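Student: Going by the numbering used here, the sequence shown opens with residue 259, and the numbers climb by one from there.
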Amino acid sequence: MSIDAAALEEFLAAAGPKAEELRELDAIIRASAPAFEPVLIGSMGASMLGYGLIPYQSKSMKKPSDWPVVSLAARKNYVSLYISALQDGRYIAEVYADRLGKVSCGKSCIRFKRLSDLDLDTVREILGDLERRFLAGEKLYGEPG
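1. Can you tell me the Cα-Cα spacing of A351 and A271, whole angstroms?
2. Touch check for the region 382-396 and the region 360-370: three-plus C-beta pairs under 8 angstroms?
3. Would you give the residue range spanned by the alpha helix (DSSP H) that R281 belongs to?
4. Output the boundary residues of the beta strand (DSSP E) element that contains I368.
5. Can you tell me which of the three DSSP states V381 falls into?
6. Residue range of the alpha helix (DSSP H) that I350 falls in?
7. Exposed or buried, what is M319 when buried is set at 16 or more other beta-carbons lying within 10 Å of its beta-carbon?
8. Does G364 come out as helix, strand or coil in the three-state DSSP assignment?
9. Is it buried or exposed, S323, if we count other Cβ atoms within 10 angstroms and call 16 or more buried?
10. For Y354, which residues in the same chain have their Cβ closer than 7 angstroms to its Cβ, ignoring the five residues on either side in sequence?
11. From V297 to P313, what does the alpha carbon distance come to, in whole angstroms?
12. From the DSSP output, which residues share a beta bridge with P313?
13. By a C-beta neighbour count over all protein chains shown, 10 Å radius and 16 as the cutoff for buried, is A394 buried or exposed?
14. Exposed or buried, what is E279 when buried is set at 16 or more other beta-carbons lying within 10 Å of its beta-carbon?
15. Take A264 and list the residues in its own chain whose beta-carbon comes closer than 8 angstroms to its own, dropping the five residues that flank it on each side.
Structure (structure tokens):
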């Protein structure tokens, strides 16, 4: 499954003033983790640009569904970078929170107002490691220990 250029441009146009930051981060993700194929995801009434689909199943789901390892979404006051993966039983965003710059981190979400607030070298490091693990067939997500 691949995303076509017109669909990507429509997604970016809908992001309004955050479009350029999404475009730059999209280029960084594609360059740092080329094995993560981009896909548009509709979730909770908002769309996201996802990368690297993996099987995912929450406790309430009867069967697994595909979910991106990494995704981007423009919100009203910030951009969200979601990383749906664990490292040593901890969410990646939490593991790297102190190295990500002027951001707010949730379990799998990194929120920032401007791309310049985000430490892009750390993001590239995370993406490279995730791609290596993904290609090795490692399970990236599950209930934290």
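We put the CB at the ideal spot given by N, CA and C, even for glycine.
This structure is a prediction, so every number in the text was calculated from the model and none was measured.
Tutor: Let me lay it out:
1. 27 angstroms
2. no
3. A277 to S290
4. C367 to F370
5. helix
6. I350 to V353
7. exposed
8. coil
9. exposed
10. T380 and I384
11. 14 angstroms
12. D324
13. exposed
14. buried
15. none
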